[in-house]
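Visitor: The opening position of the sequence shown corresponds to residue 0 in numbering that gives the first Met the number 0, with each subsequent residue numbered one higher.
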Amino acid sequence: MEKSINIRFKAASTAYGAVQYLDMGPINGNILLFSTGGGTSFKAALAFKWICREGYRILSINRPGYYDLPLKRARSIAEHADIYYEVVKSLKIEGKINVFGISMGGLSALYYASKYPTKSLVLWSAITGKYEVNAASANSFLGKLVLSEKGKKWISKLLKASAKYFPKTTIKAFLKTEADLTRKEKNTIAREVLNSPESKRTFMLFIESMTPMDAFYEGMLDEVRKAQQLEHTDWSKIKCPTYAVHSTVDIDVSMEHPKRLEKMIPNLTMEYVKAGGHFVWWGKEGEQVKLNTIRFLNKMNSENGQGVNQ
0 MEKSINIRFK AASTAYGAVQ YLDMGPINGN ILLFSTGGGT SFKAALAFKW ICREGYRILS
60 INRPGYYDLP LKRARSIAEH ADIYYEVVKS LKIEGKINVF GISMGGLSAL YYASKYPTKS
120 LVLWSAITGK YEVNAASANS FLGKLVLSEK GKKWISKLLK ASAKYFPKTT IKAFLKTEAD
180 LTRKEKNTIA REVLNSPESK RTFMLFIESM TPMDAFYEGM LDEVRKAQQL EHTDWSKIKC
240 PTYAVHSTVD IDVSMEHPKR LEKMIPNLTM EYVKAGGHFV WWGKEGEQVK LNTIRFLNKM
300 NSENGQGVNQ
């Protein structure tokens, strides 16, 4: 039987206005700030309950252009870190915390770790600097659906129905857009995701976090535009232990992004995998990524004691 996880949806009063966030896991657990990928809401953290089962308290915070937080509240992606900190501060959380960023959310996580007290940093498929949209991905059937300005409510319903009734086909569509894999490899990963009740459940939660698309379409596109305009990023100020994972077959976020981390972050453990391309947590190899992530977090937090954010 699955262990029950305490889930709390709240809003914090900040200098940026009311900011929605998800507070999940034990109140006295080690804090983990979760920065979700672009095009998925802060509710995407619901697919990461496995971290909470290890005793961590996840804070997943809304970003400008998503739901009711206006785009004008932040002029740059760097300010997302300031919004995150405002929420953390409103909860009377002091000292260093763990930070976890995925894809576009990796940028926000990096800005946070370079500016605010951070105990450890985890990055999966992270955008770390100027971002170039992969034309093949953008022009794929799924890419066109996600990027289309029109029919967002209809597309949201279509995506959820596809995932529910044709999950294998849906997973392979995502892999076609985000990974350089053979047809056989895509079939294998789709089968591995669906053969595990836990990974199948997290896949459906991931799909849920992408809808309703009209609620955060502006935020997603704004982040892409701002990431495309980045000229220089410097992560040399990040001194905390960092664990980063990137796929060698990721066709969304190019290899220059993890290589940038290797050049700039001194205390970095870099892991290259194949897995599901941009979805480094999918499939059998992805399960190992999740296990290694927990091992890293546990090691970083065992030195200070459970529940203590020093």
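Cβ atoms here follow ideal geometry from the backbone N, Cα and C, with glycine treated the same way.
#1: Measure the C-alpha to C-alpha separation of GLY94 and ASN5 and round it to an integer number of angstroms.
#2: Going by beta carbon distance, what residues of the same chain come within less than 8 Å of ALA162, once the five residues before and after it are set aside?
#3: Beta strand (DSSP E) containing ASN355: first to last residue?
#4: What are the partner residues of SER12, as DSSP defines its beta bridges?
#5: Report yes or no: do the region 39-55 and the region 80-96 share at least 3 C-beta pairs separated by less than 8 Å?
#6: Can you tell me where the beta strand (DSSP E) holding LYS118 begins and where it ends?
#7: Got a sec? Which residues, its chain only, sit under 8 Å from PRO116 by beta carbon, not counting five neighbours each side?
#8: How many Å lie between GLY128 and SER113 at the Cα?
#9: Pick from ASP233, VAL272, LYS238 and PHE165: whose alpha carbon is nearest that of HIS245?
#10: Please report the distance separating the alpha-carbon of THR176 from that of ASN133.
#11: Would DSSP call HIS361 helix, strand or coil?
#12: Do you know whose CA, among ASN61, PRO63 and ASN266, lies nearest PHE350's CA?
#13: Kindly indicate which three-state DSSP category LEU68 falls into: helix, strand or coil?
#14: Under a three-way DSSP split, which group does THR297 fall into?
#15: State the beta-bridge partners of ARG56 as determined by DSSP.
#16: Sorted by chain position, which residues of the same chain lie with C-beta nearer than 7 Å to GLN305's C-beta, five sequence neighbours on each side aside?
#17: Decide yes or no for the touch test of the region 99-106 against the region 19-27: beta carbon pairs closer than 8 Å, at least 3 of them.
#18: In angstroms with no decimal places, state the Cα-to-Cα distance between GLY16 and LEU68.
#19: Apply the 10 Å Cβ neighbour rule to THR268 and answer buried if 16 or more other Cβ atoms are within range, or exposed otherwise.
#20: Identify every run of the alpha helix (DSSP H) within the region 205-260, keeping only runs that are complete inside it and at least 4 residues long; order them along the chain.
#21: Is the CB-CB distance between SER198 and TRP281 below 9 Å?
#22: In three-state terms, what does DSSP make of SER270?
#23: Mind reading off the beta-carbon distance from ASP179 to ILE126? Whole number of angstroms is fine, and I expect it under 8 Å.
#24: Provide the residue span of the alpha helix (DSSP H) that contains PHE173, from first to last.
Guide: According to the structure shown:
#1: Taking the straight line joining both Cα atoms gives about 23 Å.
#2: For ALA162, where only same-chain residues beyond five positions count, the Cβ hits under 8 Å are THR169, PHE202, MET203 and ILE206.
#3: Nothing can be reported for residue 355, as the shown portion of the chain is limited to 0 through 309.
#4: According to the DSSP secondary-structure assignment, SER12 is paired through a beta bridge with ALA17.
#5: Judged by pairs of C-beta atoms under 8 Å, the region 39-55 does not touch the region 80-96, as fewer than three such pairs exist.
#6: Here the beta strand (DSSP E) through LYS118 covers 117-123.
#7: For PRO116, where only same-chain residues beyond five positions count, the Cβ hits under 8 Å are GLY94, LYS95 and ILE96.
#8: Each residue's Cα considered, the two are about 14 Å apart.
#9: Cα-wise, what sits closest to HIS245 is VAL272.
#10: Going by the C-alpha atoms only, they are around 9 Å apart.
#11: Only positions 0 to 309 of the chain appear in the structure, and residue 361 is not among them; the question remains open.
#12: Look at the range of the chain in this structure, 0 to 309, and you will see that residue 350 is not part of it.
#13: In the structure shown, LEU68 sits in coil (DSSP, three-state: anything other than H, G, I, E or B).
#14: Here residue 297 turns out to be Asn, not Thr, going by the sequence shown. The answer is helix: DSSP assigns ASN297 an H, G or I state.
#15: ARG56 is bridged by DSSP to ILE30.
#16: Its pLDDT being 40, under 50, GLN305 is placed unreliably in this model, and the value from its coordinates should be taken loosely. Same-chain partners within the cutoff: ASN29 and GLY54.
#17: They do not touch, by the three-pair rule.
#18: If you take the alpha carbons of GLY16 and LEU68, they lie about 8 Å apart.
#19: Per the 10 Å Cβ criterion, exposed.
#20: Counting only runs that start and end inside the region 205-260, the alpha helix (DSSP H) elements of at least 4 residues fall at 216-227.
#21: Yes, Cβ-Cβ distance for SER198 and TRP281 is below 9 Å.
#22: Strictly speaking, residue 270 in this sequence is Glu, with Ser absent from that position. Strand at GLU270.
#23: Actually they are not in contact, since the Cβ atoms of ASP179 and ILE126 sit about 18 Å apart, beyond 8 Å.
#24: Unbroken alpha helix (DSSP H) run through PHE173: 166-177.
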